[in-house]
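Below is one structure, written out as structure tokens, with a few remarks after it.
2 protein chains.
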Amino acid sequence: MQSSEVKQIRRRQVIRTGTTVEQMVRAIADMIVTGVMHPGERLDELSLAVRFDVSRTPVREALRELGAMGLVDREPNRSAVVANVTEAYLHSMFEAMSELEAICARLAAERMTVDERHALELEHRASARLVHANAQEDYAAHNTEFHTRLYRGAHNDHIYEMVTQTRARLAPFRRAQFRLPGRLAKSYDEHDVIVTAIMRGDAAAASQAAYSHVAIVSDASIVFASDKAE
Amino acid sequence: MQSSEVKQIRRRQVIRTGTTVEQMVRAIADMIVTGVMHPGERLDELSLAVRFDVSRTPVREALRELGAMGLVDREPNRSAVVANVTEAYLHSMFEAMSELEAICARLAAERMTVDERHALELEHRASARLVHANAQEDYAAHNTEFHTRLYRGAHNDHIYEMVTQTRARLAPFRRAQFRLPGRLAKSYDEHDVIVTAIMRGDAAAASQAAYSHVAIVSDASIVFASDKAE
DNA sequence: AGCGCGTAAACTGTATGCAGATTGCAATCT
DNA sequence: AGATTGCAATCTGCATACAGTTTACGCGCT
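Just so you know, the sequences run in chain order A and B. Heads up, the first sequence is in the numbering used here, so the first residue is 3 and it goes up one at a time. Heads up, the second sequence is in the numbering used here, so the first residue is 3 and it goes up one at a time.
Shown next as structure tokens:
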């Protein structure tokens, strides 16, 4: 290996932000979810160290984190291997997402403050413009914000954690959905049903609407995911 | 530091199973949830290394894992600090547990195979004996098994993961509940309602019963937790 | 006295070395 | 030939050394 200054510079050029380990976690996570690495494939520490031009120490820490995220399986004295994110497991994550989102919607309908309700409605109305403009990128950003407000509105920190973690793990599989023709408008309509239910404090309706909304997204995304898996 | 053989032997005597890191994770997690360490308290790597008689490397890996578990907060170039598991957050975890358990019960009522239903019922009936004997330890073990069957019965791997993780984080706060007088019998009765609902495939009833059951446990445990916090 | 500033101590981040575990292969035996 | 045991190569687990960063303190200056 070369002198440490050179390495620092080289790395800084390639990768953006955060500590070395964070960067590696993101990079490896990406390789796994995008299918560059296949389930069962071994993640040899030394190879990764060479590949990222670091020592084995940060590699080990990254693998530990990925293990905690469920992206790799680890056993003592064995290589970490890419976890088997089977289509079945993916499906279970989407289903879980629907359930969690339904819970959030229900609790939000019951618990959101007046201010939160207002903000949610404003956020929602503001996105109508983006639908008409078919501004997919911007709508996606709005969409994230909208759902985040929903999660926050449930006023339960642990549920918020679970739902955002699940969401993060699903993100790579969900990216393409807004490219489906007409999806933006449908998404907006679905949001509308949720917002309306929440505004009038109808927990059951909000829950139901949120469940269906996510289920629809899931279907669209799973199609995409299986395409990618070729 | 002394020679490595000596250290190995000493450690083997003190701690039971798993790798050094796993042991440290458990030990530190215990100290945090039992209140030996207080929120905001710094977890200095070197001090921990000395304390557990290991080097900083396993300490760092343990801290990373604890960070992923949400028990400690980490920032680059700063000490890890004990996360603030406030009573509010604890409450949110118990509420989340109720919600998750309700989902599992509902899905289990719909999806459990004939074999799984049988096994659940047998497991449940077998525990009646333990109630009469007031065998708290054994009943606790049975209780774990019972709930695990419920979680598995939902046939959703991601939900299973979330619920077991949440359960693990709550475990230390829940330990004492069976010491409350009459709790064993009540627990058994509550299980009975759940089992009955599941056996006849009544998803709504199962869900409702599971929600209440966990809510009751939560109440009992939170009392204990706030006692301990003195 | 109060405020910067510089420096050293303390601590985290990373590299590297060594010991023990695992695995695959080969030589031997049945 | 197939099974088995021993060995070597490979890899993980941990320790230690070193580099970079943050923090705290004291000194000088205003």
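Beta carbons are placed, not taken as given, at the ideal position from N, Cα and C, and that holds for glycine. Quick caveat, the model's predicted, so the values are computed rather than measured.
Beta-carbon proximity of residue i to residue j, cut-off 8 Å
i	j	result
B:R151	B:E192	no
A:I196	A:A205	no
A:V27	A:A64	yes
A:V84	A:L48	no
A:I200	A:A130	no
B:N158	A:S94	yes
B:R176	A:R66	no
A:Y153	B:H160	no
B:A98	B:T168	yes
B:R185	B:Q179	yes
B:I30	B:L68	yes
Cα-Cα separation between residue i and residue j, rounded to whole angstroms
i	j	result
B:E147	B:N79	42 Å
A:R127	A:A212	17 Å
A:D32	B:M71	21 Å
B:T36	B:A173	11 Å
A:V133	A:R181	12 Å
A:S220	A:S189	12 Å
B:P41	A:R113	28 Å
B:L102	B:V165	6 Å
B:I218	A:A142	41 Å
A:R202	A:N145	21 Å
B:G20	A:E77	10 Å
A:V56	A:T22	9 Å
A:D140	A:P183	16 Å
B:N86	B:S100	22 Å
A:R62	A:A137	41 Å
B:D229	B:E89	Low confidence applies to B:D229: its pLDDT is 49, below 50, so where it sits in the model is not reliable, and the reading given next is rough at best. Taking the straight line joining both Cα atoms gives about 12 Å.
B:F96	A:A187	38 Å
A:Q25	B:V74	20 Å
B:A51	B:R58	5 Å
A:E163	B:D194	32 Å
B:R18	B:L122	Caution is warranted here: a pLDDT of 42 is assigned to B:R18, below 50, making its placement in the model unreliable, and the coordinate value is therefore given only provisionally. Cα to Cα, the separation comes out at about 31 Å.
A:I34	B:L109	30 Å
B:A135	B:H149	21 Å
B:E43	A:T115	34 Å
B:S214	A:S214	26 Å
Counted within 10 angstroms of its Cβ, other Cβ atoms place residue i as buried (16 or more) or exposed
i	result
B:G155	buried
B:V216	buried
A:D117	exposed
B:Q15	Low confidence applies to B:Q15: its pLDDT is 32, below 50, so where it sits in the model is not reliable enough to give any reading.
B:H120	exposed
B:P60	buried
A:I53	It is worth fixing the name first, because residue 53 of chain A is Arg in this sequence and not Ile. That one is exposed.
A:A82	buried
B:A107	buried
DSSP bridge partner residues for residue i (one or two, in chain order)
i	result
A:R44	A:V83
B:D75	B:V83
* Interface positions of the stretch 140-173 of chain B facing chain A (Cβ-Cβ less than 9 Å), listed along the chain -> So the close ones are H157, N158, D159, H160, I161, Y162, E163, M164, Q167, T168, R171.
* Asked: Which residues, in order along the stretch 73-85 of chain B, keep a beta-carbon less than 8 Å from a beta-carbon of chain A?
  -> Going along the stretch 73-85 of chain B in chain order, one finds P78 with a Cβ nearer than 8 Å to chain A.
* Return the residues of the stretch 190-217 of chain B that lie within a Cβ-Cβ distance of less than 9 Å from chain A, sorted by chain order. => Answer in chain order: no residues at all.
* To do: Using a Cβ-Cβ cut-off of less than 8 Å, list which residues of the stretch 82-112 of chain A approach chain B; keep chain order.
  => Hits within the stretch, in order: A90, Y91, S94, M95, E97, A98, E101, I105.
* Name the residues in the stretch 21-55 of chain B whose C-beta lies less than 7 Å from a C-beta of chain A; which are they? -> Taking 7 Å as the Cβ-Cβ cut-off against chain A, the residues of the stretch 21-55 of chain B that qualify are T21.
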